[in-house]
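Residue numbers (the numbering used here), protein chains in the order written: chain A, 1 to 138; chain B, 1001 to 1138. Scroll down for the structure; my scribbles are underneath it.
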């Protein structure tokens, strides 16, 4: 969808510009009105981070081409990279079968994590049992 | 870590077997005591689903080699694939910088979604503005 089409698609509710109503009806929000957003690098395929979106954040993400979240700590909308320059350009967005989780594929500019690591999971590896093939009896 | 090592690592708290206490202290749980778990297919690199874990689910995931979640709808522990056979064998697990999200890389047996699709995001693609390179001025 082009930017012009996106603008047109929301023009039906000019008094309350925001998320497409059909999509809004599919969302299963948590008690804070948020859905989970998993962010994956479109090129490396690495999972970069998880953020949270209210309806407005999702609307902006889908219509501006830049990933926008709801900051639970600051209680405000947050355009990723607005201050750091580490923008996420949206390549695709999908809603899961439950309607409570989004998957964004993005082109990440710079590191995704505020610690300047590529992903928010770098350095967080946990010790885990990995079963050998012969032990894999479901 | 082998299964034997994993058993030994939790033997220090035999009265309350469960998650390693150092790891437990790093977790930032939601009001329901849960952390988010993003699940990625280790081979295809596709994001399969998002689940939720309490401390016991995480402990079992890390020590049994099979992804185990807390079902928010059924309010019970849930070994993925227990009834469907669509098991997730753990390949790695990482905790994010905030301590509230896990990333699991798994070998997924069969489809990950209860709808028999490969992932829970299949069929959920949303219309999204994708900026052309010349429009990408952060």
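Note that CB positions come from ideal geometry on N, CA and C, so glycine has one too.
For residue j and residue i, believed in contact at Cβ under 8 Å, the rounded distance
| i | j | result |
| --- | --- | --- |
| residue 60/A | residue 90/A | No, residue 60/A and residue 90/A are not in contact; Cβ-Cβ is about 10 Å, not under 8 Å. |
| residue 45/A | residue 1043/B | Not confirmed; about 11 Å, so no contact. |
Candidates the options: closest to residue i by CA position
| i | options | result |
| --- | --- | --- |
| residue 56/A | 42/A, 29/A, 81/A | 29/A |
| residue 82/A | 1019/B, 1023/B, 1137/B, 1024/B | 1137/B |
| residue 71/A | 51/A, 84/A, 93/A, 58/A | 51/A |
| residue 1021/B | 1058/B, 1045/B, 1043/B | 1058/B |
| residue 1073/B | 69/A, 85/A, 68/A, 98/A | 98/A |
| residue 118/A | 41/A, 135/A, 92/A, 131/A | 41/A |
| residue 110/A | 25/A, 80/A, 69/A, 131/A | 80/A |
| residue 18/A | 31/A, 134/A, 64/A, 135/A | 64/A |
| residue 116/A | 86/A, 134/A, 132/A | 86/A |
Assigned exposure category for residue i - 16 Cβ within 10 Å defines buried
| i | result |
| --- | --- |
| residue 1105/B | buried |
| residue 1033/B | exposed |
| residue 1120/B | buried |
| residue 88/A | buried |
| residue 1093/B | buried |
| residue 1124/B | buried |
| residue 1014/B | Summary for residue 1014/B: the model assigns pLDDT 34, below 50, so the residue's position carries little reliability; its value from the coordinates is reported in the next sentence. Burial call: exposed. |
| residue 134/A | exposed |
Terminal residues of the beta strand (DSSP E) in which residue i lies
| i | result |
| --- | --- |
| residue 107/A | 101-108 |
| residue 1091/B | 1088-1095 |
| residue 71/A | 68-71 |
| residue 1041/B | 1035-1041 |
| residue 1129/B | Unbroken run through residue 1129/B: none, as it is neither H nor E. |
| residue 76/A | 76-79 |
Sub-8 Å separation of residue i and residue j beta-carbons
| i | j | result |
| --- | --- | --- |
| residue 126/A | residue 1077/B | no |
| residue 38/A | residue 102/A | yes |
| residue 107/A | residue 35/A | no |
| residue 27/A | residue 1129/B | no |
| residue 113/A | residue 53/A | no |
Start and end residues, alpha helix (DSSP H) containing residue i
| i | result |
| --- | --- |
| residue 57/A | 55-64 |
| residue 25/A | 21-26 |
Contact set between residue i and chain D, taken where Cβ atoms lie within less than 9 Å
| i | result |
| --- | --- |
| residue 1092/B | You won't find chain D in this structure, because its protein chains are A and B. |
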